[in-house]
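Colleague:
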Amino acid sequence: MTADAEPNANLFVALRDAFPGDLDSAAIETIERGLVYTWRDLERATAMLANLLDSLDLPAASRIAVQAEKSVESLLFYLAVLRAGHVYLPLNTAYKSDEIGYFIGDAEPAVFVCAPKDFVWASKLAFAAGTTFVFTLGDDRSGSLLERAIHFDDRHTPAVRKSEDLAAILYTSGTTGRSKGAMLTHGNLLSNAVTLKTYWGWRSAAEGGDVLIHALPIFHVHGLFVASHGALLAGAKMLWLGRFDARRVVELLPRATVFMAVPTLYVRLLAEPTLTREACRNMRVFISGSAPLLLDTFEAFRERTGHTILERYGMSETVMLTSNPYDPADGERRGGTVGFPLPGVGLRIVDGDGSVLPGSTVGAIEVRGPNVFAGYWRMPEKTREEFSADGWFRTGDVGVVDDLGYVSIVGRSKDLIISGGYNVYPAEIEGVCNEMPGVAESAVVGVPHSDFGEAVVAVVVPRAGEAIDADALTRALKARIANFKVPKAVFVVAELPRNAMGKVQKNLLREQHAALFA
Ligand code: MCA
Ligand code: AMP
Numbered sequence: 100m101t102a103d104a105e106p107n108a109n110l111f112v113a114l115r116d117a118f119p120g121d122l123d124s125a126a127i128e129t130i131e132r133g134l135v136y137t138w139r140d141l142e143r144a145t146a147m148l149a150n151l152l153d154s155l156d157l158p159a160a161s162r163i164a165v166q167a168e169k170s171v172e173s174l175l176f177y178l179a180v181l182r183a184g185h186v187y188l189p190l191n192t193a194y195k196s197d198e199i200g201y202f203i204g205d206a207e208p209a210v211f212v213c214a215p216k217d218f219v220w221a222s223k224l225a226f227a228a229g230t231t232f233v234f235t236l237g238d239d240r241s242g243s244l245l246e247r248a249i250h251f252d253d254r255h256t257p258a259v260r261k262s263e264d265l266a267a268i269l270y271t272s273g274t275t276g277r278s279k280g281a282m283l284t285h286g287n288l289l290s291n292a293v294t295l296k297t298y299w300g301w302r303s304a305a306e307g308g309d310v311l312i313h314a315l316p317i318f319h320v321h322g323l324f325v326a327s328h329g330a331l332l333a334g335a336k337m338l339w340l341g342r343f344d345a346r347r348v349v350e351l352l353p354r355a356t357v358f359m360a361v362p363t364l365y366v367r368l369l370a371e372p373t374l375t376r377e378a379c380r381n382m383r384v385f386i387s388g389s390a391p392l393l394l395d396t397f398e399a400f401r402e403r404t405g406h407t408i409l410e411r412y413g414m415s416e417t418v419m420l421t422s423n424p425y426d427p428a429d430g431e432r433r434g435g436t437v438g439f440p441l442p443g444v445g446l447r448i449v450d451g452d453g454s455v456l457p458g459s460t461v462g463a464i465e466v467r468g469p470n471v472f473a474g475y476w477r478m479p480e481k482t483r484e485e486f487s488a489d490g491w492f493r494t495g496d497v498g499v500v501d502d503l504g505y506v507s508i509v510g511r512s513k514d515l516i517i518s519g520g521y522n523v524y525p526a527e528i529e530g531v532c533n534e535m536p537g538v539a540e541s542a543v544v545g546v547p548h549s550d551f552g553e554a555v556v557a558v559v560v561p562r563a564g565e566a567i568d569a570d571a572l573t574r575a576l577k578a579r580i581a582n583f584k585v586p587k588a589v590f591v592v593a594e595l596p597r598n599a600m601g602k603v604q605k606n607l608l609r610e611q612h613a614a615l616f617a
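Numbering-wise, the working numbering puts 471 at position 372 of the sequence shown, and it's gapless, one number per residue.
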């Protein structure tokens, strides 16, 4: 580096610099497969994968899309994409070919990595959209990606990236039904990870060594960034579960100190009789987010384990925004709130005209800070709409800040259902329902669900003179959209309730079906 050269702001470099001195100690232990990956393995494998990417001569900052089952190798590939200076685009493993087709068409990735079982249809889609390379990656180390990477050097100099350069694109559905790619920079991700490291008191090996149970999927902010970056930046070990299994997590608790989950996972843990204070004796913190944590769950968990869940709030566009305090000196953890804006994050409550409201008044939540994304991929108009004239991002969440500064989310101005931590946009599901034979129109709502928090329910109106079989419609939807989006119940009605303006009264539908799964 010359005297005036800027330091490399590549997120990978910061994560790599945090590896502990003893590279031969365990970084990740896989629970289902019984494998141990050392920090040296992480260093070498990401180098080999990054060298493979370099060998493809891709244009700088190419998008690299991945739809692969959760595995340590897929996490390593994410790190390798950063290392090589490209842009990572994770895709939910539940997405069907129509959904994948849209993302690939919109993002135009240079490389697509899919599960071996999906290669035939996925590669056809990808090549048709102009993708040059398609690799496969199974959750058992199978597939062409690793077969190719094994031949490359295990040393690699990370690409030089500026803080404002893109690191990842995360698709989040839109209220219009069209998904938008939230562009996150190296600076967004690193600044948030550094803030959380301090705020949540992550402990490096020298400080007692945190151990994280990693049980979330790695195609969203929560599992990919908040959980993985947290552990990596602390040089902390991960106990890695390919899929969430409540009994297994309880068995692992005595070996762990940190757990992160969506509320559904806490509900399922509470259903395990083996979840006791004794099982949680070594735990330092339980963190919840992605969806509202019911006060009942918060209290039942405290009663059973003696631990007060720390609830926080974030978005794909902003990574983490607020958090209940970790350190008791900063205040107590309050159920039903998402805590305080994180250090460096600005949060304000505004009315419909954008005027800032005083404390304890409910309004729209707007935020700003180094964590706020760079805009929606190829949607400059949409990006402008989502920011105020003075540069604050409109979250679409409705909230209030109390006298002590605790933020509570009381609703959403966006029509969004959060089911088991996954977002479902009614407009998208209604669009697909309306394309089904015999359907004149439909309304999709979220109703309380004891496991998933909210469940998707569809109410459909048949075309004049036609009949709709609800089971057949459900089967047809399953073939088109990811299973978690498929309505858990379909009702066929003669007409939808409308107000005097002709607008569908979704609140009436929600009330009508409120007890369905509660
Ligand atoms: C699975 N199913 C679901 C869901 N998950 N239905 C509704 N909502 C869901 N979330 C359905 C499947 O389609 C299937 O239906 C049946 O349940 C069993 O599927 P399976 O895969 O076995 O389910 P599971 O393994 O029990 O999964 C449930 C889960 C999972 C563990 C709660 O949904 C999950 O990991 N959720 C976490 C999502 C997450 O990480 N979100 C973070 C987003 P059928 O039998 O009919 O096919 S990041 C974010 O929101 C922001 C930024 C933030 O603040 O963090
Ligand atoms: P996503 O599109 O996956 O980024 O989801 C972001 C949305 O999840 C936010 O705008 C909120 O509506 C919701 N969310 C995240 N964390 C919480 C939380 N702790 N409580 C309530 N809602 C949350």
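Don't be surprised by glycine CBs; every beta carbon is placed ideally from N, CA and C.
Looking only at DSSP bridge pairs, what is Thr271 linked to?
Modeller: Beta-bridge pairing by DSSP links Thr271 to Lys279.
Colleague: Compare the Cα-Cα distances from Ala557 to each of Thr137, Cys532, Glu565 and report the closest residue.
Modeller: Selected option, being the one with the closest Cα: Cys532.
Colleague: Could you pull the DSSP bridge partners for Cys213 from this structure?
Modeller: Gln166, Thr235
Colleague: For Ala228, count neighbouring Cβ atoms within 10 angstroms of its own Cβ and tell me buried if that reaches 16, exposed if not.
Modeller: buried
Colleague: Taking the continuous alpha helix (DSSP H) assigned at Trp299, which residues delimit it?
Modeller: Premise fails: Trp299 is in no alpha helix (DSSP H) and is neither H nor E.
Colleague: In angstroms, rounded to a whole number, what distance separates the CA positions of Leu515 and Asp123?
Modeller: 45 Å
Colleague: Quick check: is any heavy atom of the ligand MCA less than 7 Å from the C-beta of Gly413?
Modeller: yes
Colleague: Return yes when at least one heavy atom of the ligand AMP lies under 7 Å from the C-beta of Glu484, else no.
Modeller: no
Colleague: Where DSSP assigns a beta bridge to Val455, which residues make up the other side?
Modeller: Val449
Colleague: May I ask you to report which of helix, strand or coil DSSP gives Gly530?
Modeller: helix
Colleague: So Leu323 and Pro362 are in contact, right, with Cβ under 8 Å, and what is the actual spacing, rounded?
Modeller: Actually they do not touch by this definition, with Cβ atoms about 19 Å apart.
Colleague: Since His406 and Phe400 are thought to touch, with beta carbons under 8 Å apart, how far apart are those beta carbons, to the nearest angstrom?
Modeller: 7 Å
Colleague: Can you look up Lys584 in the DSSP assignment and give me helix, strand or coil?
Modeller: helix
Colleague: When you compare only the Cα positions, how much space is there between Asp252 and Ala183?
Modeller: Asp252 and Ala183: Cα-Cα distance of roughly 14 Å.
Colleague: What's the gap between the Cα of Gly438 and the Cα of Asp450?
Modeller: Separation of Gly438 and Asp450 (C-alpha to C-alpha, rounded to the nearest whole angstrom) is 21 Å.
Colleague: For Met382, which option in Thr373, Thr404, Phe486 has the closest C-alpha, if you only look at C-alpha atoms?
Modeller: Considering only Thr373, Thr404, Phe486, the residue with the shortest C-alpha distance to Met382 is Thr404.
Colleague: I'd like the list of long-range same chain contacts for Ser272, defined as Cβ closer than 7 Å, with 5 residues on each side in sequence excluded.
Modeller: Ser278, Asn522, Tyr524, Glu527
Colleague: Check whether the Cβ atoms of Leu190 and Phe318 lie closer than 8 Å to each other.
Modeller: yes
Colleague: Is Tyr521 near the ligand MCA, in the sense that its beta carbon is under 7 Å from a heavy atom of that ligand?
Modeller: For the ligand MCA, at least one heavy atom lies less than 7 Å from the Cβ of Tyr521.
Colleague: With DSSP as the reference, label Leu152 as helix, strand or coil.
Modeller: Taken through DSSP and simplified to helix, strand or coil, Leu152 comes out as helix.
Colleague: By DSSP, does Lys577 sit in helix, in strand, or in coil?
Modeller: In the structure shown, the three-state DSSP call for Lys577 is helix.
Colleague: Counting pairs of Cβ atoms below 8 Å between the stretch 497-506 and the stretch 480-488, do you hit three or more?
Modeller: Short answer: they don't touch.
Colleague: Given 7 Å as the limit, tell me if His319 has its C-beta closer than that to any heavy atom belonging to the ligand AMP.
Modeller: yes
Colleague: What is the DSSP secondary structure of Leu607, reduced to helix, strand or coil?
Modeller: helix
Colleague: Given Asp501, which residues of its chain have a CB within under 8 Å of its CB, disregarding the five upstream and five downstream residues?
Modeller: Thr436, Gly458, Ser459, Ser507
Colleague: Check whether the Cβ atoms of Asp544 and Ala569 lie closer than 8 Å to each other.
Modeller: First, the amino acid is wrong: residue 544 is Val here, not Asp. No.
Colleague: Between which residues of its own chain and Ser549 is the CB-CB distance below 8 Å, once the five residues before and five after are set aside?
Modeller: Val366, Phe616, Ala617
Colleague: Rank Met600, Gly468, Asn109 by C-alpha distance to the C-alpha of Ala267 and give the top, closest one.
Modeller: Asn109
Colleague: Consider the C-beta atom of Asn291 and the heavy atoms of the ligand MCA; say whether any pair is separated by less than 7 Å.
Modeller: no
Colleague: Could you tell me the alpha carbon to alpha carbon distance between Leu151 and Pro257, rounded to whole angstroms?
Modeller: 13 Å
Colleague: Between the alpha carbons of Cys379 and Phe385, how many angstroms are there, rounded?
Modeller: 10 Å
Colleague: Can you name, in chain order, every residue of its own chain whose Cβ lies under 8 Å from the Cβ of Met100, other than the five neighbours on each side?
Modeller: Since pLDDT at Met100 reaches only 48, below the 50 mark, its modelled position is unreliable, and the value read off the structure follows with that caveat. The residues are Pro106.
Colleague: Using the C-alpha atoms, what's the distance from Asp344 back to Ala221?
Modeller: 29 Å
Colleague: Would you check whether the ligand MCA has a heavy atom nearer than 7 Å to the C-beta of Val361?
Modeller: yes
Colleague: Please report how far the alpha carbon of Ala599 lies from the alpha carbon of Ala539, in whole angstroms.
Modeller: Computed Cα separation, rounded: 20 Å.
Colleague: Give the straight-line distance between the Cα atoms of Ser454 and Pro547, rounded to the nearest whole angstrom.
Modeller: 33 Å
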